[in-house]
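Asks: Going by this note's numbering, the sequence shown opens with residue 1, and the numbers climb by one from there.
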Amino acid sequence: MCSLIAHVDDGKVVRVQGDPDHPYTAGFACGKVNRDADLVNSPERVATPLKRVGAKGSGQFKAITWDEALDEITARWKAIIAESGPLALLGYAYSAHQGLMNRGLVNGLFHALGSSRLQAGTVCDTCCEEAWNVTVGPVGGADPEDVVHSDLVISWGADLAATNVHYWSLVEHTKKQRDLPVIVIDPRRTRSARAADLYLPIKIGTDAALALGVMHILVRDGLSNRDYLAKHTLGFDKVETEILPKFPPAKVAEITGLPVADIEKLAAMYGKARAAMIRLGEGMTRLAAGGQALRTVALLPGVSGHYGVKGGGSLLLTAASCDLNYAAVRKPSGPATARMVNHLRLGEELLNMQDPPIRALYVSANNPAVTCPEAHKVQKGLAREDLFTVVHDPFMTDTAKYADIVLPAANYLETDDLYRAYGAYWMQWGRQAAKPRGEARSNFDVAQALAKRMGLADRIFTLAPQDAAQELFKGATGPASKAEPAKLFAGEPIHIKHDWQGQPFGTPSGKLEFYSEQAAKHGLSALPDWNPDPIEVADAAKWPLRLLTAPGYFQAHTAFSGVKFLRDREGKPFCILHPDDAARRGLKDGAEVRLFNDRGEVGLMLKVSDEVRPGVVLVPGQRPSGESLGGTINMLCSDRYTDIGEGATYQSTFLDVGPWKGPRKS
Ligand SMILES: Nc1nc2c(c(=O)[nH]1)N[C@H]1C(S)=C(S)[C@@H](COP(=O)(O)OP(=O)(O)OC[C@H]3O[C@@H](n4cnc5c(=O)[nH]c(N)nc54)[C@H](O)[C@@H]3O)O[C@H]1N2
Ligand SMILES: Nc1nc2c(c(=O)[nH]1)N[C@H]1C(S)=C(S)[C@@H](COP(=O)(O)OP(=O)(O)OC[C@H]3O[C@@H](n4cnc5c(=O)[nH]c(N)nc54)[C@H](O)[C@@H]3O)O[C@H]1N2
Ligand SMILES: [Mo]
């Protein structure tokens with residue numbers, strides 16, 4: 001979450017920049033956000049509510065008024081609820097660039113209606129979050145700003161230069177003043193990797209083995225912190241006797257594809273550091289055994305004792321430390337429990353859920369036709385003639401093309417909202433900078449309008465955003481609750497970190513859990529471990545390449561695809577193959593290629609580069625079908641769950657690449 005300044009001229013946002021007075025943003029915004037004036041003013045924005053006039057997916061619509069749109073939506077919902085009950089409705093709202101009000105109140109609407117509930121975020125962070133929770137507990141990790149106290153930084157499964165730009169710039173700044181070695185562990189030689197002091201091009205999905213190998217060496221060389229282990233951790237004795245003997249350096253080298261010398265070097269640097277900070281990325285968790293990978297890496301600072309040192313430890317997400325009263329907005333009323341729909345199984349559930357089937361879908365602030373695995377199934381589900389779909393978005397997305405009604409959404413610069421970061425310990429009120437373009441309305445506003453028409457009486461649906469935001473502070477107990485409303489609403493950033501007394505652990509034992517009964521309850525082994533996944537092994541025998549999915553530098557999923565400059569900057573949707581793999585297939589840099597497996601095919605441009613190892617095909621970002629030669633990468637990914645958190649396994653995808661001969665006739 002960056003703190004931004006929007007320059008407004010004559011009611012129009014003309015420029016957006018990082019706030020120079022904010023301690024963490026420090027005047028810097030990434031290449032995407034720097035273009036947010038283009039995003040908010042994009043000529044491609046949807047101007048008015050629209051009603052479908054052509055076939056689903058064809059994108060043919062006519063303009064209607066807001067009253068017509070809201071009347072039709074609520075009349076259809078009421079009829080469906082009368083016939084099939086509220087579970088036939090699904091509110092499918094996610095995050096985009098929104099804060100707590102615009103994201104939360106849409107959830108609040110569907111919670112109060114008693115509809116089927118979205119198990120949100122399984123496309124993103126539920127796997128890593130659950131894995132962290134069973135290991136460290138539902139608490140934040142290291143403060144990224146404490147990196148000024150670190151003497152080693154490990155970026156483990158995160159491309160800091162893409163997804164943690166403020167952290168990255170603080171690291172670079174610190175590096176200019178003193179020695180601060182950076183180690184990057186990533187199957188892609190990312191921009192961060194190129195700037196690293198040590199880069200380990202690990203094989204996808206082998207991080208747990210590497211972390212166990214490092215522990216093995218730390219113990220072997222007397223570099224483990226016995227005092228810390230005894231006081232603050234649970235079950236390391238079992239790891240030491242049952243697991244670590246399986247992971248000597250030579251074995252780890254075989255599993256991870258890394259030279260023994262580099263594994264030794266990593267362990268030596270880590271073991272000798274006084275305060276090493278590990279920035280944990282979600283990258284290592286986007287596959288079948290993702291939870292075990294993250295859990296195992298998050299245990300390392302327990303062995304070194306760095307969880308007890310300022311500037312040491314690890315950081316996954318910070319949000320759990322901001323204990324606001326979210327329920328005030330997200331759960332104003334409604335049944336305590338209701339049927340859940342997993343975010344990443346939208347296609348499956350639209351096609352197969354019964355008693356009742358999903359008959360009405362409301363999509364807000366996400367684009368599942370592109371970003372969900374089994375994208376074919378999602379599109380097939382969205383094409384159902386008997387499904388009533390509403391999409392609220394600033395742009396005519398691939399998903400919106402399937403809607404019966406499209407509602408134009410306001411952008412974050414056009415709304416009031418409360419933001420709390422998930423990569424830093426900051427919270428801030430963001431004031432509306434400009435009036436919504438055209439007839440666009442905010443999520444908050446539309447949720448209230450729909451609630452009123454549906455006869456919901458909860459007070460939250462009548463409050464102005466600022467008054468609703470105050471509700472979040474009622475009953476909150478942590479540092480966030482101490483925010484002074486006057487300062488907050490004047491736009492002053494608020495730091496929400498507790499007083500630092502070492503990494504707190506929120507596990508049942510109150511310690512860092514090497515042995516975790518909660519993990520075992522989720523079906524993971526109670527101890528950290530690494531084993532090959534049988535389904536991946538079978539697929540790898542069938543297909544020669546494995547998918548590596550990583551963020552685009554100039555796109556974030558599809559949220560910036562309405563900015564032509566950024567689309568062009570990112571380039572036509574592409575994949576990257578190692579020169580050996582390209583040569584073996586007679587494919588040249590710049591060729592049009594087809595990526596395929598049993599699930600389907602996608603047409604992309606080829607870049608040949610050794611930034612990935614042989615056997616891997618890298619596809620940065622998820623680009624809409626209209627931008628590629630054909631299709632979108634998630635058409636090749638299954639909706640199988642991760643080992644914990646029921647998350648997405650994009651990288652358990654195996655495939656092949658060949659020349660593109662135009663879309664296949666089906
Ligand atoms: N293959 C593969 N797939 C992935 C991933 C991967 O690594 N590999 N990553 C996954 C991850 S981490 C995530 S989080 C998901 C993201 O997937 P999505 O949540 O689908 O994210 P976006 O594509 O950014 O879609 C956000 C939409 O919200 C709209 N929007 C922006 N602001 C507002 C607003 O204020 N109101 C409304 N109503 N709409 C707004 C934007 O125009 C855009 O259409 O993708 C996942 N998909
Ligand atoms: N520019 C840009 N920024 C973004 C986004 C974006 O799309 N574009 N998306 C935003 C969102 S929604 C999210 S959730 C965050 C996610 O941000 P991060 O937590 O950084 O996670 P990812 O971007 O999924 O993956 C990061 C890195 O993990 C690497 N990786 C993949 N598999 C493995 C593995 O098996 N082991 C290891 N060690 N590394 C692996 C990838 O090559 C990639 O470089 O980023 C946010 N920021
Ligand atoms: Mo995400």
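Yeah, the Cβ is synthetic: ideal placement off N, Cα and C, and Gly gets one too.
Might you give, ordered along the chain, the residues of its own chain that have their beta carbon closer than 6 Å to the beta carbon of glycine 290, omitting 5 neighbours on each side?
Replies: Closer than 6 Å at the Cβ level, and outside the excluded window around glycine 290, lie Cys127, Thr642.
Asks: What residue from Gln555, Leu566, Leu418, Asn366 has the CA that sits closest to alanine 490's CA?
Replies: For the residues Gln555, Leu566, Leu418, Asn366, the minimum Cα distance to alanine 490 belongs to Leu418.
Asks: Determine the contact status of leucine 750 and alanine 434, defining contact as a CB-CB distance below 9 Å.
Replies: Summary: the structure shown does not reach residue 750, with the chain confined to residues 1 through 666, and so no result is reported for it.
Asks: Looking at C-alpha atoms only, which residue of Arg453, Leu488, Met454 is the closest neighbour of glutamine 466?
Replies: When only C-alpha atoms are compared, the closest one is Leu488.
Asks: With a Cβ-Cβ cutoff of 9 Å, do tryptophan 426 and lysine 310 count as a contact?
Replies: Result no, Cβ atoms of tryptophan 426 and lysine 310 do not sit closer than 9 Å.
Asks: Step through the CB atoms of chain B and report whether any lies within less than 9 Å of the CB of leucine 266.
Replies: Here chain B cannot be found, since the structure has a single protein chain.
Asks: Do glycine 603 and glutamate 592 have their C-beta atoms within less than 9 Å of each other?
Replies: Yes. Within cutoff.
Asks: If distances are taken between C-alpha atoms only, which option among Asp355, Gln379, Leu210, Leu152 comes closest to glycine 632?
Replies: Glycine is not the amino acid found at residue 632; the sequence shown has threonine there. For threonine 632, the nearest C-alpha among the options comes from Gln379.
Asks: At which residues does the alpha helix (DSSP H) containing serine 155 begin and terminate?
Replies: Premise fails: serine 155 lies in the beta strand (DSSP E), 152 to 156, not in any alpha helix (DSSP H).
Asks: Of the residues Gly312, Arg220, Val106, Val40, which one's Cα is nearest the Cα of valine 153?
Replies: Nearest C-alpha to valine 153: Gly312.
Asks: So does tryptophan 77 have its beta carbon nearer than 8 Å to some heavy atom of ligand 2?
Replies: No; taking the cut-off as 8 Å, the Cβ of tryptophan 77 has no heavy atom of ligand 2 nearer than that.
Asks: Could you say which of Asp151, Tyr326, Asp10 lies nearest to alanine 468 if we only look at CA atoms?
Replies: Checked all of Asp151, Tyr326, Asp10; the closest Cα to alanine 468 is Tyr326.
Asks: Would you mind reading off the limits of the alpha helix (DSSP H) that contains threonine 126?
Replies: Start and end: 126 to 135.
Asks: Taking only three categories from DSSP, how would you classify phenylalanine 110?
Replies: Looking at phenylalanine 110 - three-state DSSP - the assignment turns out to be helix.
Asks: Tell me which residue opens and which closes the beta strand (DSSP E) that threonine 549 is part of.
Replies: Threonine 549 -> beta strand (DSSP E) spans 545 to 550.
Asks: Check the DSSP bridge columns for alanine 320 and list the partner residues they point to.
Replies: According to DSSP, which records beta bridges pairwise, alanine 320 is partnered with nothing at all.
Asks: Pick from Val214, Thr318, Asp207, Leu595: whose alpha carbon is nearest that of arginine 664?
Replies: Arginine 664 has its Cα closest to that of Leu595, out of Val214, Thr318, Asp207, Leu595.
Asks: Out of curiosity, what's the CA-to-CA distance linking serine 609 and aspartate 568?
Replies: Going from the Cα of serine 609 to the Cα of aspartate 568 covers about 20 Å.
Asks: Tell me the rounded alpha-carbon separation between arginine 279 and glycine 510.
Replies: If I take the Cα positions, the gap works out to 22 Å.
Asks: Tell me the DSSP secondary structure of asparagine 41 in three-state form.
Replies: Of the three classes helix, strand and coil, the one that applies to asparagine 41 here is coil, per DSSP.
Asks: Could you tell me if the beta carbon of cysteine 30 falls within a distance shorter than 8 Å of some heavy atom in ligand 5?
Replies: No copy of ligand 5 occurs in the structure displayed; its ligands are ligand 1, ligand 2 and ligand 3 alone.
Asks: Apart from the five residues just before and just after histidine 668, which ones in its own chain have a Cβ nearer than 6 Å to its Cβ?
Replies: The requested residue 668 does not occur in the structure, where the chain is confined to residues 1 to 666.
Asks: Taking three-plus beta-carbon pairs below 8 Å as touching, is the stretch 106 to 117 in contact with the stretch 337 to 354?
Replies: At 8 Å Cβ cutoff, the stretches touch.
Asks: Thinking C-alpha only, which one of Ile494, Gly18, Ser628 is nearest glutamine 428?
Replies: Among Ile494, Gly18, Ser628, the Cα nearest to that of glutamine 428 belongs to Ile494.
Asks: When the Cα atoms are used, what is the spatial distance from aspartate 581 to lysine 542?
Replies: Between aspartate 581 and lysine 542, the C-alpha separation is close to 16 Å.
Asks: Look at the alpha carbon of arginine 52 and the alpha carbon of isoleucine 73, and state the distance between them as a whole number of angstroms.
Replies: About 13 Å.
Asks: Should valine 537 be labelled buried (16 or more other beta-carbon atoms within 10 Å of its own) or exposed?
Replies: Exposed: under 16 other Cβ atoms inside 10 Å.
Asks: At a cut-off of 8 Å, would you count proline 368 as near ligand 1, judging by its Cβ distance to the nearest heavy atom?
Replies: Yes - ligand 1 has a heavy atom lying nearer than 8 Å to the Cβ of proline 368.
Asks: Runs of 3 residues minimum, wholly inside the stretch 184 to 235: which ones carry the beta strand (DSSP E) assignment?
Replies: Entirely contained in the stretch 184 to 235, the beta strand (DSSP E) runs reaching 3 residues are, in chain order, 198 to 200.
Asks: By how many angstroms is the C-alpha of serine 3 removed from the C-alpha of aspartate 19?
Replies: Going by the C-alpha atoms only, they are around 6 Å apart.
Asks: Aspartate 417 lies in the beta strand (DSSP E); which residues open and close that run?
Replies: Looking at the DSSP string, the run of the beta strand (DSSP E) that includes aspartate 417 is 417 to 420.
Asks: Leaving out five residues on either side along the sequence, give the residues of the same chain with a beta carbon under 7 Å from the beta carbon of aspartate 539.
Replies: So the list reads Phe654, once near-sequence residues are dropped.
Asks: Would you report the Cα separation of alanine 648 and aspartate 9, rounded to the nearest angstrom?
Replies: Rounded to whole angstroms, alanine 648 to aspartate 9 spans 43 Å at the Cα level.
Asks: Where does threonine 558 land, buried or exposed, given buried means 16+ other C-beta within 10 angstroms?
Replies: Looking at its Cβ environment, which holds 16 or more other Cβ atoms inside 10 Å, threonine 558 is buried.
Asks: What are the boundary residues of the beta strand (DSSP E) that glutamate 592 is part of?
Replies: Unbroken beta strand (DSSP E) run through glutamate 592: 592 to 597.
Asks: Would you say the beta carbon of cysteine 124 comes nearer than 8 Å to a heavy atom of ligand 2?
Replies: For ligand 2, at least one heavy atom lies less than 8 Å from the Cβ of cysteine 124.
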